[in-house]
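**Student:** Mind looking over this structure? Questions follow.
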Amino acid sequence: MSRRELVPIDETVSCVIVGWDRPLCSYFAHVYLTGDDNEYDAPTHAIGDDFFEVTDPGAVVDMVSTYAKVPDDLIDMLKTDEKNEGRADPPALVAMLSAPLFDTSALPCPF
C-alpha cells in the first residue's frame with residue numbers, strides 16, 4: 002500500500018491522504034476535516050475502500066482537489082505506486098475471508 006499526504010488547501014481541512022491499496026486493487030483517498038469528530042477517527046470523505054472501487058487515479062485527483070493542493074504529477078505518482086506495489090489476487094483474498102475459522106478450543110491455554 003502506498004500512502005501520500007497532500008497539503009491541505011486551508012485550515013478547514015486537517016489531512017488528505019491518497020495512494021494505491023494493493024489488496025483492494027484500488028486507488029484511494031481519505032479526507033479528514035478539522036473539527037470532525039467521527040468515531041474511530043474515520044475519514045470525513047473516502048473513496049477506494051472496496052475491491053476495484055477506483056481504477057482511475059484521475060478520480061482520486063478529482064475528489065481531493067477541493068481539499069488539498071494537488072501536485073501536477075500526482076496521477077503519474079499514483080500509477081507508479083500501482084506498478085511498484087503490484088496487485089493482489091482478490092478471489093484468493095475473498096476465499097481466505099470466507100474460509101472456516103480454525104477451532105482453537107482444543108489448544109492448551111498457556112496462561
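Each residue of the sequence shown is one higher than the one before, counting from 2 in the numbering used here.
We treat Cβ as the ideally placed atom computed from N, Cα and C, and that holds for glycine.
Remember, it's a predicted structure, so these values are computed and weren't measured experimentally.
1. Between the alpha carbons of Pro44 and Tyr33, how many angstroms are there, rounded?
2. Which residue comes first and which comes last in the beta strand (DSSP E) that contains Leu7?
3. Can you check whether the CB of Gly49 is closer than 9 angstroms to the CB of Ala30?
4. Tell me whether Val71 sits in a helix, a strand or coil according to DSSP, three-state version.
5. Check whether the Cβ atoms of Ala89 and Arg4 sit closer than 9 angstroms, and answer yes or no.
6. Which residue marks the beginning of the beta strand (DSSP E) containing Ala47, and which one marks its end?
7. Assign Asp82 to one of two classes, buried (16 or more other C-beta atoms within 10 Å of its C-beta) or exposed (fewer than that).
8. Tell me the residue span of the beta strand (DSSP E) that contains Met30.
9. DSSP three-state call for Asp22: helix, strand or coil?
**Tutor:** So, from the data block:
1. Distance between the alpha carbons of Pro44 and Tyr33: 5 angstroms.
2. Arg5 to Pro9
3. Cβ distance < 9 angstroms, so Ala30 and Gly49 count as in contact.
4. coil
5. In this structure, Arg4 does not lie closer than 9 angstroms to Ala89 by Cβ.
6. His46 to Ile48
7. Of the residues assessed, Asp82 falls on the buried side of the cut-off, its CB having 16 or more other CB atoms within 10 angstroms.
8. Checking the sequence shown, residue 30 turns out to be Ala, not Met. Ser27 to Leu34 is the extent of the beta strand (DSSP E) around Ala30.
9. strand
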